[in-house]
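Numbering (my numbering), first residue to last: 54 to 240.
These notes are about the structure you will find just below.
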Amino acid sequence: MDSHLHWSETHRSVEYEGPIFTLERSYRRSADGRIGEYVLVNSPDWVNVIATVVDSAGRECFLMVRQFRQGSGRTQLEFPGGLVDENEAPADAAYRELREETGHDVGADGLKELGRTNPNPAFMCNTVYTFYAPQVHGGGDQDLDLNEIVDIELIPVEEILEEGRPEFSGHAIMLAALHWWRLHTGR
54 MDSHLHWSET
64 HRSVEYEGPI
74 FTLERSYRRS
84 ADGRIGEYVL
94 VNSPDWVNVI
104 ATVVDSAGRE
114 CFLMVRQFRQ
124 GSGRTQLEFP
134 GGLVDENEAP
144 ADAAYRELRE
154 ETGHDVGADG
164 LKELGRTNPN
174 PAFMCNTVYT
184 FYAPQVHGGG
194 DQDLDLNEIV
204 DIELIPVEEI
214 LEEGRPEFSG
224 HAIMLAALHW
234 WRLHTGR
């Protein structure tokens, strides 16, 4: 039905290989014969985990992390998450990232995949998975990567839903994760 919109790749070359992505040049031919050259970002898949806990005041809170992001040049408030390692299932990566960044483990209700999407299909080749951990426990030591400096914060759910918080709402991947959570919970 939409075959006239498709472009077939004729060949691809790696232009830059970095620690978390490669830049690739893709040469493609349209159904009507046009030739195009495109630059693609090829990265491992990502995961994020929306974990909820009850704080000492009895409020339902998101377990979140705050860290400096090099791209925006400022601190961001985020759900824990990170890259899926080679040969690692996204759910396993979600468990691992939650433990590494927050020291928390998933409770008896386990981990549920809420949704997945491509961060930007115009030029990105990966998928971001959002998981939900309705009950977490622990709060042990973080096990961060060499260049990670991460604070753990409990943010009342209503503050994120009603107030926004610019350090959260300025991150499109976090908004996508919140979208999946809201669909799941009906909130």
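Backbone N, C-alpha and C fix where the C-beta goes; we use that ideal spot for every residue, glycine too.
query: Span separating the alpha-carbon of residue 162 from that of residue 196; result: 24 angstroms
query: Touch test, the stretch 222 to 237 against the stretch 174 to 188, Cβ-Cβ under 8 angstroms, three pairs minimum; result: yes
query: Rounded straight-line distance, which links the Cα of residue 193 to that of residue 200; result: 20 angstroms
query: Residues that DSSP places opposite residue 114 in a beta bridge; result: 106, 209
query: Nearest-angstrom beta carbon gap, residue 191 and residue 158 [assumed within contact, 8 angstroms]; result: 5 angstroms
query: Alpha helix (DSSP H) runs wholly inside the stretch 127 to 188, at least 4 long, in chain order; result: 143 to 155
query: Cutoff 7 angstroms; reference residue 143; Cβ partners in own chain excluding five residues on either side; result: 98, 100, 137, 182
query: Cβ-Cβ distance between residue 96 and residue 132 below 8 angstroms; result: no
query: Spatially closest choice to residue 107 from 64, 72, 168, 211, by CA coordinates; result: 211
query: Local Cβ density within 10 Å of residue 67, reported as buried at 16 or more and exposed below that; result: exposed
query: C-alpha distance - residue 188 paired with residue 77, whole-angstrom precision; result: 41 angstroms
query: Classification of residue 185 by the beta-carbon crowding that lies within 10 angstroms, buried from 16 upward; result: buried
query: Per-residue DSSP class, three states only, for residue 64; result: strand
query: Spatial neighbours of residue 82 in its chain, beta-carbon cut-off 7 angstroms, leaving aside the 5 residues before and after; result: 60, 61, 63, 88
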